[in-house]
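A.B. asks: Throughout, our numbering is defined as the position within the sequence shown, counted from one, plus 8.
Heads up, the beta-carbon is just placed ideally off N, CA and C, and yes, glycines get one too.
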Amino acid sequence: MRGQVTVDFMFAITIIALTVAGLVSFGHNMAIQTNTLRSQTDLRILTISVRDDVAKVYAAGPGFTMKVQLPFRLQSGDQVNVTLNKTTDSVAVSALLGGSLYRTSLRLQVPLAKTTKVTLTPARTSFNVTARMEGGVTSVEVR
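1. Since V137 contacts T73 with CB under 8 Å, what's their CB separation in whole angstroms?
2. Quick one: Cα of R46 to Cα of A68, how far?
3. Where do the ends of the alpha helix (DSSP H) carrying T42 lie?
4. With three or more C-beta pairs closer than 8 Å as the rule, is the segment 88-97 touching the segment 30-47?
5. Identify every residue that forms a DSSP beta bridge with Q77.
6. Quick test of the definition: if touching needs 3 or more C-beta pairs under 8 Å, does the segment 77-89 touch the segment 98-105?
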């Protein structure tokens with residue numbers, strides 16, 4: 009009989025459609041994971057950079073300032089917080105990127121005299137790491 013689709017043919021088309029749907033879903037999930045990994049890596053690079061810059065500024069002494077630029081672009085609604093924490097002698101970076109929250113931190117090689125924090129947005133993508141003399145002690149802060 010002409011014009012009729014056999015059960016075998018319909019079964020084959022169904023299997024092909026399910027395979028394609030699975031591959032598309034897999035590709036989409038991999039793209040999401042890649043973007044997440046990229047964001048985490050960018051924040052880790054920023055944290056390492058700030059840690060190294062704090063050590064350089066501290067070694068240079070009071071009055072020395074270094075400008076730190078974000079190594080990635082921020083979209084509307086994104087923000088990055090950089091904190092130098094005196095209690096833990098660490099640099100902590102937290103970011104809201106694309107609706108997801110990311111955090112990373114590293115211990116500093118130098119002591120801090122006070123806790124300072126700076127918030128970066130699409131309108132402000134750089135900040136300064138500055139050494140100052142406070143009470144006879146060299147203090148490093150972010151501004």
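C.D. replies: Well, looking at it:
1. Along the sequence shown, read from residue 1 onward, the residue named residue 137 stands at position 129. Along the sequence shown, read from residue 1 onward, the residue named residue 73 stands at position 65. Their Cβ separation, rounded to whole angstroms, is 7 Å, which keeps V137 and T73 in contact under 8 Å.
2. Residue numbering aside, residue 46 sits at position 38 when the sequence shown is read from its first letter. Residue numbering aside, residue 68 sits at position 60 when the sequence shown is read from its first letter. Computed Cα separation, rounded: 33 Å.
3. The sequence position of residue 42 within the sequence shown is 34, counting from 1. Per DSSP, T42 belongs to the alpha helix (DSSP H) from V15 to A68.
4. no
5. Here residue 77 refers to the residue found at position 69 when the sequence shown is read from its first residue. As DSSP reads the structure, Q77 sits in a beta bridge with S134.
6. yes
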